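See structure below.
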Amino acid sequence: MGFRPRDLASRMAGRRKPDDGYLRETFTLPRDKARTRARDFLNRYPKAAYMSSVESWRELPGGDIEFTMRRLASAD
1 MGFRPRDLAS
11 RMAGRRKPDD
21 GYLRETFTLP
31 RDKARTRARD
41 FLNRYPKAAY
51 MSSVESWREL
61 PGGDIEFTMR
71 RLASAD
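Note that the UniProt record's numbering gives residue 6 to position 6 of the sequence shown, counting from 1, and the numbers run on in steps of one.
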């Protein structure tokens with residue numbers, strides 16, 4: 001059985017608790033657009049209210065960035 005990074009990513013995603021209260025969005029964009037998208041996300045959902053953050057990111061072979069943003073569903 002060959003080891004591939006995608007296999008590790010799938011295993012790690014399977015371990016995540018689906019009902020931990022966070023909403024997640026995953027994007028795959030060129031570097032500049034990824035940076036802009038993450039900035040817009042954090043402006044729309046500020047960390048102080050939504051506990052927003054970049055949960056994970058990686059650079060793909062073609063140069064695109066795949067990243068997952070997370071935030072709480074609501075700010076109470």
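Built from N, CA and C at the ideal position, the CB exists for glycine as well.
Because the structure is a prediction, the values reported are computed rather than measured.
Helix, strand or coil: which one does DSSP assign to residue i?
| i | result |
| --- | --- |
| residue 51 | coil |
| residue 4 | coil |
| residue 10 | helix |
| residue 60 | coil |
Report the residue from the options whose alpha carbon sits nearest the alpha carbon of residue i.
| i | options | result |
| --- | --- | --- |
| residue 41 | 19, 5, 67 and 9 | 67 |
| residue 54 | 63, 62, 22 and 74 | 22 |
| residue 47 | 74, 61 and 65 | 74 |
| residue 88 | 27, 72 and 58 | Outside the shown range of the chain, which is 1 to 76, sits residue 88, and nothing can be said about it. |
Checking 8 Å against the spacing of the C-beta atoms, do residue i and residue j come in under that value?
| i | j | result |
| --- | --- | --- |
| residue 39 | residue 29 | no |
| residue 35 | residue 63 | no |
Once you ignore the five residues that flank residue i on each side, which residues in its own chain have a CB closer than 6 Å to its CB?
| i | result |
| --- | --- |
| residue 24 | 68 and 70 |
| residue 45 | 52 and 71 |
Within a Cβ cutoff of 8 Å, which residues of the same chain sit near residue i, ignoring the five residues on either side of it in sequence?
| i | result |
| --- | --- |
| residue 56 | 67 and 68 |
| residue 61 | none |
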